[in-house]
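Student:
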Amino acid sequence: MAPLDLFTTRVLREGVQPQTYLEDPCKYLEMRWSDERSTPGTVVVPIMFHSIVQNGTKVTDPKDISADQFISFVNYARSLGFETITSKEFLEFMTKNASIPPRSMMIIVDDRRPGLIREWLVPVVEENDWTVTSAYIADPDSLKWAWDLMDQLFLSGRMEVQSHGYTGQLYIVPETPVEQIQNEIWNSTAVLEEHFGTRPIAFIWPGGNFTPLSAQIAREGGYELGFSAYSRGPLLFNWVPLGEEERAVKDPLMVLPRAWSSAVNVNLDEAVKISELAAVFAEQNFQNEADWYRTYCGGEISYNR
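Position in the sequence shown (first residue = 1) + 3 = the working numbering.
1) Can you tell me whether DSSP reads residue 44 as helix, strand or coil?
2) If contacts are defined as beta-carbon pairs under 8 Å, then residue 44 and residue 274 qualify, I think. What distance do you get, rounded to the angstrom?
3) Using C-beta distances below 6 Å, list every residue in its chain close to residue 249, excluding the 5 sequence neighbours before and after it, in chain order.
4) Considering residue 162, what are the terminal residues of the beta strand (DSSP E) in which it resides?
5) If we require 3 or more residues per run, which beta strand (DSSP E) segments fall completely within the region 76-162?
6) Look at the Cβ atom of residue 254, then the Cβ atom of residue 218, and state whether they are nearer than 7 Å.
7) Excluding the 5 residues preceding and the 5 following residue 189 in the sequence, name in chain order all residues of the same chain whose CB lies nearer than 6 Å to its CB.
8) Helix, strand or coil for residue 7 per DSSP?
9) Would residue 58 be called buried (16 or more neighbouring beta carbons within 10 Å of its own) or exposed?
10) Residue range of the beta strand (DSSP E) that residue 281 falls in?
11) List the residues that DSSP assigns as beta-bridge partners of residue 205.
12) State the beta-bridge partners of residue 69 as determined by DSSP.
13) Quick check: the region 59-72 against the region 127-134, are there 3 or more CB pairs under 8 Å?
14) For the beta strand (DSSP E) containing residue 172, name the first residue and the last one.
15) Using a Cβ-Cβ cutoff of less than 6 Å, which residues in the same chain neighbour residue 105 once the five nearest sequence positions on both sides are dropped?
16) Run through the DSSP bridge pairs and tell me what residue 51 is partnered with.
17) Leaving out five residues before and five after residue 101 in sequence, what residues of the same chain have Cβ atoms less than 8 Å from its Cβ?
18) So what does residue 256 bridge to, in DSSP terms?
19) Go ahead and pull the three-state DSSP assignment for residue 21.
20) Residue 242 bridges to which residues according to DSSP?
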């Protein structure tokens, strides 16, 4: 069976390579070209947020941004036509090419920051009909005051909650004992599910640290997505740009890249460019894929968009 041509682009930085993850190429082509699913070139940009610093206060952490930078991001994303999606919608897109906005993003707020979400995110998501994802630290005995505010935000319907670990302090390395990894990942699940009534499906790696073993343990614990702190590029259906460390895990969906809020406007531009190039590649390559499908899958696919 001859391999399918894979979309590649020089827009990605040196050392970053796109990886596929669907095992059945026939099913992939059926979902790729279905009129009821997302069009080729549909793109997703997960974005990592930490703190937003008031104007006049110096930003000292590269993970943080100023209020002006945040407002600039909101206006720029809106001008480019980006809309937000939830983790569930993202999973359905990545695994089934489910229909989502052609330019999608995820606003992921790491750590326990309900105050930031209430002050900065809620007005924005309500105005734009967006959603925000809280990557929450689950330890119920730590920062108890925050749970009431989290409940209010969750009940608003504008915020979903995914896991950032039980303590959020276990930065996983190859030497980390298995039991510690299991406790950090698995113990967070039960707390969040009991509290919010929904089981988390995404694990946001504390410190961005992961190993092949920790990705396997997360899978065993029911997680279907994992997000790193690497900024590698935007995501397409069955197409994840990864660096060498993530590729070694051999499970792209568990080491997904995220744009940093401090450079997000550049990353949105990159996403638009890659989206446009991917759409052109798909259209130009359609006949080759249709011929491949006819030869190896015994059927026909059509392009009616």
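Glycine residues also receive a C-beta, built at the ideal position from the N, C-alpha and C atoms.
Remember, predicted model here, so these are calculated numbers, not experimental data.
Tutor: Walking through what the data contain:
1) By 1-based counting over the sequence shown, the position of residue 44 is 41. Residue 44: coil per DSSP, three-state reduction.
2) Here residue 44 refers to the residue found at position 41 when the sequence shown is read from its first residue. Here residue 274 refers to the residue found at position 271 when the sequence shown is read from its first residue. 10 Å between Cβ atoms; not a contact.
3) Here residue 249 refers to the residue found at position 246 of the sequence shown. Counting only Cβ-Cβ distances below 6 Å, and skipping sequence neighbours, we find 258.
4) For the purposes of this step, residue 162 is identified with residue 159 of the sequence shown, where counting begins at 1. Run containing residue 162: 162-166, per the beta strand (DSSP E) assignment.
5) 106-113 and 135-139
6) The residue given as residue 254 occupies position 251 in the sequence shown. The residue given as residue 218 occupies position 215 in the sequence shown. It is a contact, given that the beta carbons lie within the stated cut-off.
7) As a first step, residue 189 must be located in the sequence shown, where it is residue number 186. 224.
8) Along the sequence shown, one-based indexing puts residue 7 at 4. DSSP places residue 7 in coil when its eight states are reduced to three.
9) On the sequence shown, residue 58 is found 55 positions in, with the first residue counted as 1. It is exposed - the Cβ of residue 58 has fewer than 16 other Cβ atoms within 10 Å.
10) Sequence index remark: in the sequence shown, residue 281 carries index 278 (1-based). Premise fails: residue 281 lies in the alpha helix (DSSP H), 267-300, not in any beta strand (DSSP E).
11) Here residue 205 is taken as the residue at index 202 of the sequence shown, counted from 1. Paired residues: 228.
12) By 1-based counting over the sequence shown, the position of residue 69 is 66. Looking at the DSSP assignment, residue 69 forms a beta bridge with 56.
13) no
14) For the purposes of this step, residue 172 is taken as the residue at position 169 of the sequence shown. It is not in any beta strand (DSSP E) - residue 172 carries neither H nor E in the DSSP assignment.
15) For this step, residue 105 is matched to residue 102 along the sequence shown. For residue 105, same chain residues with a beta-carbon under 6 Å away, outside a window of 5 residues either side, are 45 in chain order.
16) For the purposes of this step, residue 51 is identified with residue 48 of the sequence shown, where counting begins at 1. Residue 51 is bridged to 111 and 263.
17) Sequence index remark: in the sequence shown, residue 101 carries index 98 (1-based). Answer for residue 101: 40, 41, 92 and 95, listed in chain order.
18) Taking the sequence shown and counting its residues from 1, one reaches residue 256 at position 253. According to DSSP, residue 256 bridges with nothing at all.
19) Within the sequence shown, numbered from 1, the residue matching residue 21 stands at position 18. In this structure, residue 21 counts as strand in the three-state DSSP scheme.
20) Here residue 242 refers to the residue found at position 239 of the sequence shown. 239, per the DSSP bridge assignment.
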